[in-house]
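Peer 1:
Numbering (my numbering), first residue to last: 5 to 100.
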């Protein structure tokens with residue numbers, strides 16, 4: 005199944021994000037205020053991809069588009085993943 009850009013869709017669990025723009029980790033870290041966040045959340049190198057959902061426009065049974073043919077990213081700090089603290093999951097969307 006191909007995505008809106010003609011490339012294969014890229015849904016995935018875990019692993020590394022497939023960004024459309026800047027690094028997803030860098031985008032997420034730019035949202036945090038250093039005064040409010042714990043030191044372990046100030047470094048995007050320790051974020052783990054939980055789920056990535058790509059837009060689908062060519063499947064007869066389902067179609068969805070995130071923004072302008074974008075992707076959804078759900079990320080979690082590796083310590084929180086190990087502790088199963090899914091309530092700390094962070095979300096980011098990038099558009100093509």
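Idealized CB from N, CA, C, for every residue including glycine. None of these values were measured; they are calculated from a predicted model.
Could you give the C-beta distance for residue 51 and residue 80, rounded to a whole number, given that I count them as a contact under 8 Å?
Peer 2: Numbered from 1 along the chain shown, position 47 holds the residue referred to as residue 51. Numbered from 1 along the chain shown, position 76 holds the residue referred to as residue 80. Residue 51 to residue 80, Cβ: 7 Å. Contact.
Peer 1: Out of 57, 77 and 73, which one is the CA nearest neighbour of residue 29?
Peer 2: Here residue 29 is taken as the residue at index 25 of the chain shown, counted from 1. Taking only the C-alpha atoms, the option nearest residue 29 is 77.
Peer 1: Do residue 75 and residue 24 count as a contact pair if the criterion is CB distance below 8 Å?
Peer 2: The residue you call residue 24 lines up with position 20 of the chain shown. The residue you call residue 75 lines up with position 71 of the chain shown. Yes, they are a contact pair.
Peer 1: Quick check on this structure: which residue in 19, 88 and 27 has the alpha carbon closest to the alpha carbon of residue 99?
Peer 2: Within the chain shown, numbered from 1, the residue matching residue 99 stands at position 95. Considering only alpha carbons, the answer is 27.
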